[in-house]
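Written out below as structure tokens is the structure these notes cover.
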């Protein structure tokens, strides 16, 4: 038999077995890192968030300023100033309207998503932890809402209650809370059967401790990943409503309604409908890329399953 | 034996790439040969790279790993540099792989025969007709019941041990040159393991095929291997013939591995109690308890698990509960902890009756009875710091806060032999054995009277597990806590417990002080269990198979019967007309030793004497030295 010379001496191996500091199977600390695509996307999202705040103050015109009678001007010098992206069907500056509209589109979506999360997580975790009739009751109501087509539901609610920003936020929040509820409940149920939750229960811990200390910390990461996606859906939902004329009402600007208003411009070769569409696309795609990056990096098999 | 060289692993190196793009060597230059008709065992603890090396014979690495150098030659051709198509031909064709879990390997929706013959037909080594014939031949060779028709069944219609053997048939069907067996018996009960080992050994011998056997269990290796390679951290510590390694190990690591193998279960191994702890007061007691799942109808559970259980744990004692999987040993602990309210019967703590449901128990009662979960990986919240995990019971039960709590956490960490600095780590940053210590530390922090340990060493490597047992013994002596120690491993229980409870199909068949239970007279089931524990001795398997218990006991499955003795169908001494009909009476022997059996004490002793005679007969014939436990 060929005896091989191992790089480790016998004594070293034994010393390793006896020491606790560095066992071979102790895993390294996990680090959080994004790829360059992720960083670019973060840049895009941050850019739009900054625009939400300072947009109106850097815009060359007000969102409602009309520049003479000529609609769908191409980019260039106009009667009242320089239009970087041309004008829309009422000869308003497209760039200014996008800068103003960021506030509406992103603000409303963010508010609606946060509200949806608040409702969805609270009810979802409650259903998972309590189980039984409470779970049954909430889940069936949720299923019923989930079964309705989102746009139709939105149309009916807004047609009945009228279109205002609080109603828009509330409607979107309720509609999207249903899917958040599903995810939160599924996550909660997964975590509730873990031994560490059972260990807490056998210790005699109350429900509040179990939710706060055992369930939520473990559900936080996948829920955060989902938050990005959900925000995208809400942006698209608000834009679709606006496109149908039920969202943000004119003359206030909003990216979705800007696309609708300027659709006919396409036939004249105007880019007025394209730019807001590009704005929506850049924001939503960037968020998606960040979500992808996070779930790829941090073993987000769960996050991927949800997508 | 034909000693033609079949496979050669030359200076094999496998690396992983970590997040920083650095190369981390996993296998660091390993070389060994496999000859025709030879079983090479790769032995080592988790993280030693044994599975990684075995997969390299299929020119495969797990995702994230890559070959960094060296060669794996089959008939002198390097498989690692083969084109992908040739590698495909190799896998399942020339080299067959048997995974650890047969249950996970078989597709539940396809009949067994289709799956067994698939690879052989796919690789064009046999036609479907030939493959079917060969499969039936193999079923016979593997001693499967109803061999001609078992192939038409679905995987869930056969037992775990049978499925494991069917997986061997799957691997052997295409007559591979080399078989890779990855821990094929680790997840099995001892009584099942022995039947699988026997079948594997026979078939490998008959087919004259070569095999790589991956395991951490030296006692199993001693039964099957011709050549042993001892691995640690991706390097070979020692290699040589089975006889050389088992009987004359030279490397310190191998010796350490041998030490961790527990001696065969025998009387006189348990630690005698020190007198200050030896108070014969019942700490926790279970009386006439019946429990099960699926709700209760007419006072009986719909799915009964435990029936008429009487167990008492005396102050400062360690009670070992043993039995095969599914016998209800974990359920017993769960009932005691209040996780599963019993259908009937009482749980008594310090003379006071406990509520069945833990939600109805008082905080003080919860604090006194602590449950230690089997898997530390899932029992510790990954998002909590060790300091918080151990600190919570201190705060919750004893109201400790701030500095006081920190000091106590450090004290408890010291008790489980871990540095105090671990308080600021997350569970993920600890090794398996360390996590298990934290798991126990959390229960200790409650300052309990009884700790219910559910298979706490089962998922650990042998050396780590041995250290945990050492720790438990020390804790018992230091704190006077009583333990209920649940395990399927009789050797571990024998070396640690003061009393043993043997469960079979939800009933106590034998219980009493360790020294009494492990001495004859035995309950026939205890006898079967004791003789099934593999010994670290070459030739043990052959000796054992000659015993009568084996012939009867291993061929049948566990049946939970409503009446009669549950062990009836596997018992070599069963009395027809009595055992299957009447619930066995309890024989009361000295020192609280109880056996539930229809046979009288004299009959049991007679049977024991007869068994010894048979063994002595073998000895006289000079066939082997049985070394079986003889009183």
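Residue numbers (the working numbering), protein chains in the order written: chain A, 2 to 308; chain B, -17 to 613.
Glycine included, each C-beta is placed from N, C-alpha and C at the ideal position.
Computed from a predicted structure; not experimentally measured.
Bounds of the alpha helix (DSSP H) holding residue 66 of chain B are 66 to 72.
Within chain B, no residue has its CB atom less than 8 Å from the CB of residue 129 of chain A, the nearest being about 16 Å off.
Residues of the region 296 to 319 of chain B that bring their beta carbon within less than 8 Å of a beta carbon in chain A comprise 319, in sequence order.
Residue 432 of chain B: not part of any alpha helix (DSSP H); member of the beta strand (DSSP E) spanning 432 to 436, first to last residue. If you compare the alpha carbons of B:265, B:291, B:280 and B:264 with that of residue 272 of chain B, the shortest gap goes to B:291.
For residue 75 of chain A, the nearest beta carbon of chain B is not closer than 7 Å to its own beta carbon. Below the 8 Å Cβ cutoff, chain B contributes 363, 365 and 366 as neighbours of residue 218 of chain A, in chain order.
Rounded to the nearest angstrom, the gap between the Cα atoms of residue 95 of chain A and residue 170 of chain A is 25 Å.
Its Cα nearest to that of residue 495 of chain B, the residue B:300 stands out among B:398, B:300, B:175 and B:196. At a cut-off of 7 Å between beta-carbon atoms, residue 195 of chain B makes no contact with chain A. Residue contact with chain B for residue 247 of chain A: absent (no Cβ-Cβ distance below 7 Å to any residue of chain B).
Minimum Cα-Cα distance from residue -12 of chain B among the listed residues B:21, B:7 and B:-6 corresponds to B:21. A Cβ-Cβ contact shorter than 7 Å links residue 515 of chain B with residue 472 of chain B.
Residue 158 of chain B is not a Cβ neighbour of residue 102 of chain B, given a cutoff of 7 Å. Residues of chain A with a Cβ closer than 7 Å to the Cβ of residue 214 of chain B are, in chain order, 14. When secondary structure is reduced to three states using DSSP, residue 92 of chain B falls in the coil class, being assigned neither helix nor strand.
For residue 294 of chain A, not one C-beta of chain B is nearer than 7 Å to its own C-beta.
Taking a C-beta distance under 7 Å as the contact criterion, residue 97 of chain A and residue 64 of chain A qualify as a contact pair. Counted as a single uninterrupted DSSP element, the stretch harbouring residue 207 of chain B is not any alpha helix (DSSP H), since DSSP gives it neither H nor E. Put simply, the region 333 to 352 of chain B does not touch the region 283 to 298 of chain B. Fewer than three CB pairs are less than 8 Å apart. Proximity of chain B to residue 196 of chain A at the Cβ level (cut-off 7 Å) is accounted for by 355, 357, 360 and 361, in chain order. With respect to the C-alpha of residue 233 of chain A, the residue from A:67, A:113 and A:276 having the closest C-alpha is A:113.
In the structure shown, the three-state DSSP call for residue 54 of chain B is strand. Excluding sequence positions up to five before and after residue 46 of chain B, its CB lies within less than 6 Å of the CB of -2, all in the same chain and listed in chain order. With respect to the 7 Å criterion, residue 265 of chain B and residue 303 of chain B are not classified as neighbours on the basis of their beta carbons. In chain order, 204, 205, 206 and 210 make up the part of chain A whose C-beta sits under 9 Å from the C-beta of residue 378 of chain B.
Excluding the 5 residues flanking it on each side, residue 449 of chain B has same chain C-beta neighbours closer than 8 Å at 415, in chain order. By the rule that beta-carbons nearer than 7 Å mark a contact, residue 225 of chain A does not touch chain B.
According to the DSSP secondary-structure assignment, residue 455 of chain B is paired through a beta bridge with no residue.
With respect to the 7 Å criterion, residue 433 of chain B and residue 354 of chain B are classified as neighbours on the basis of their beta carbons. Using a Cβ distance threshold of 7 Å, residue 101 of chain A and residue 254 of chain A count as a contacting pair. Under the DSSP definition of a beta bridge, residue 336 of chain B partners with B:329.
DSSP lists B:-1 as the bridge partner or partners of residue 5 of chain B.
Of A:188, A:207, A:211 and A:186, the smallest CA-CA separation from residue 198 of chain A is found for A:211. With the criterion set as a beta carbon lying under 7 Å from some beta carbon of chain B, the region 94 to 112 of chain A has no members that meet it. Residue 275 of chain B has a beta carbon lying at 7 Å or more from every beta carbon in chain A.
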